[in-house]
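A quick write-up on the structure given underneath.
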Amino acid sequence: MTWRLWVPLFAFALFLGLAAYQLTQPKDDFIESRMIGEALPYFELPPAMEGTPGVSSGTFADGQPRLLNIWASWCLPCIAEAPHLESLKEQGADIVGVAIRDRPEDVARFLAQHGNPYSRIGRDDLSEVQLAIGSSGVPETFVIDGRGVIRYQHIGDIRASDVPKLLAELEAAR
Amino acid sequence: MIRAVLASTLLVLTVPLAAQQSMPPAPFAYRQLDDPSQEAAAQDLMETLRCLKCQSQSIADSDAPMAGDMRHQVRVRIAAGDSPDTVRAWLMQRYGDYVSYKPAVSATTWPLFAIPLLIVLVAGAILVRRLRRKA
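Shown next as structure tokens:
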């Protein structure tokens, strides 16, 4: 009958083991958008700088799949992904930018310095589009199909190794 | 003494360097709604919505620009007549359970509610057995 005395201790040890195991697991900081498979909500953004058109949800309804890149001139990882956006553009991707909480002169300076891969850039001063599509940070890149449906989300800066995947998702969205 | 006061005053006046702060905050990030009952509803809601940038704070507690933009959304939607539940649902539709600090029973969260109930039941059963044995 004395074995019963040990039951609470074993239960506690089990709990401790579980907690210790969970502590060693890497933390997942990415919050995935639940809007994958949903249509882009309606929006209209003015141009983020002179000479480049703004962005609206209607931009994405002409049958051509596009990349929607959420970025900002104040975002450091955006500098790192700039060359890879350029290479995506060279390989035929149409990239639409949404600049979060940004000034036209800062946007122009950033693009002059790091290259401009965008066909359009919208100015999102209130993070409205960002919140509407379930993006939780900069940079993030979404694949939007030709009917304006969100197909894929890439969280964080695009590395060289992510380029083929994004091109494949664009192709799949055709 | 004067120097210390001056230095601390200057420190307070220092403009944050982070450029994302250089844009003015969203209109309703820090401004309360004129209608006190709507503001109270918005405040209650904001305290149970999770900041996406600073993941252990509510958007009411956070000074991150994105939390300000989320407060703006909450206040604008409440002012437009949306119920707090509608606004919460709108955010959960985009960010999942993650964004809400008010847990709801679902396929993944039911053990949270079931386990305490189970423990109370087991403890009650043990207690009843012991009391009967004594009597």
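If you read the sequences in order, they're chains V and P.
Every position in the first sequence, counted from 1, becomes a number in my numbering once 153 is added.
Every position in the second sequence, counted from 1, becomes a number in my numbering once 448 is added.
Virtual Cβ for every residue (Gly too), placed ideally from N, Cα, C.
For Gln306 of chain V, the beta-bridge partners assigned by DSSP are V:Phe295. Taken in chain order, the members of the stretch 169-200 of chain V whose beta-carbon sits within less than 8 Å of a beta-carbon on chain P are Asp182, Ile184, Glu185, Ser186, Arg187, Met188. In the three-state DSSP reduction, Val535 of chain P falls in the helix class (H, G or I). The three-state reading of DSSP puts Glu197 of chain V in strand, counting E and B together. Any Cβ of chain V closer than 9 Å to the Cβ of Gly529 of chain P would place that residue at the interface, and such an atom is absent.
Nearest CB-CB separation between Ala552 of chain P and chain V: not below the 9 Å threshold. Between Leu323 of chain V and Ala571 of chain P, the alpha-carbon positions lie close to 57 Å from each other.
For Arg254 of chain V, the number of other beta carbons within 10 angstroms of its own is at least 16, and it is reported as buried. Among the residues of chain P, those whose CB is under 7 Å from the CB of Asp278 of chain V are Met471, following chain order.
Note on Trp558 of chain P: under 16 other CB atoms within 10 angstroms of its CB, so exposed under the neighbour-count rule. Nearest CB-CB separation between Asp310 of chain V and chain P: not below the 9 Å threshold.
Within chain V, no residue has its beta carbon less than 8 Å from that of Met494 of chain P; the closest one is some 14 Å off. Contact annotation: the stretch 289-306 of chain V touches the stretch 215-225 of chain V, with at least three C-beta pairs closer than 8 Å. Given a length threshold of 4 residues, each whole run of the alpha helix (DSSP H) inside the stretch 230-289 of chain V is given here in chain order: 257-267, 281-285. Neighbours of Ala474 of chain P in chain V, taken as residues at a C-beta separation under 7 Å, are given in chain order as Leu279.
Against Gly544 of chain P, the close residues of chain V are Ile184, Glu185, Arg187, in the order they occur along the chain (beta-carbon pairs closer than 8 Å). Between Asp298 of chain V and Ala474 of chain P, the CB-CB gap reaches or exceeds 9 Å. DSSP lists V:Val251, V:Glu293 as the bridge partner or partners of Ile223 of chain V. Counting only the Cα atoms, Ala166 of chain V lies some 25 Å from Arg578 of chain P. V:Ile286 is the residue among V:Ala321, V:Val316, V:Ile286, V:Phe163 whose C-alpha sits nearest the C-alpha of Gly190 of chain V. In summary, Val208 of chain V is buried, with 16 or more beta-carbon neighbours lying within 10 Å of its beta-carbon over all protein chains present.
Taking Ala490 of chain P as reference, the option from P:Ala508, P:Arg498, P:Cys502 with the minimal CA-CA separation is P:Ala508. Listed by position along chain P, the residues whose Cβ is nearer than 9 Å to that of Gly290 of chain V are Leu500, Lys501, Met514. Any Cβ of chain V closer than 9 Å to the Cβ of Gln541 of chain P would place that residue at the interface, and such an atom is present. One thing to note: Gly301 of chain V has its Cβ within 9 Å of the Cβ of Ser210 of chain V.
For Arg479 of chain P, the three-state secondary structure derived from DSSP is coil.
In the DSSP assignment, Pro206 of chain V falls outside any alpha helix (DSSP H), carrying neither H nor E.
When rounded, the separation of the alpha-carbon atoms in Gln503 of chain P and Tyr549 of chain P is 11 Å. Secondary structure at Ala508 of chain P: coil, using DSSP grouped into helix, strand and coil.
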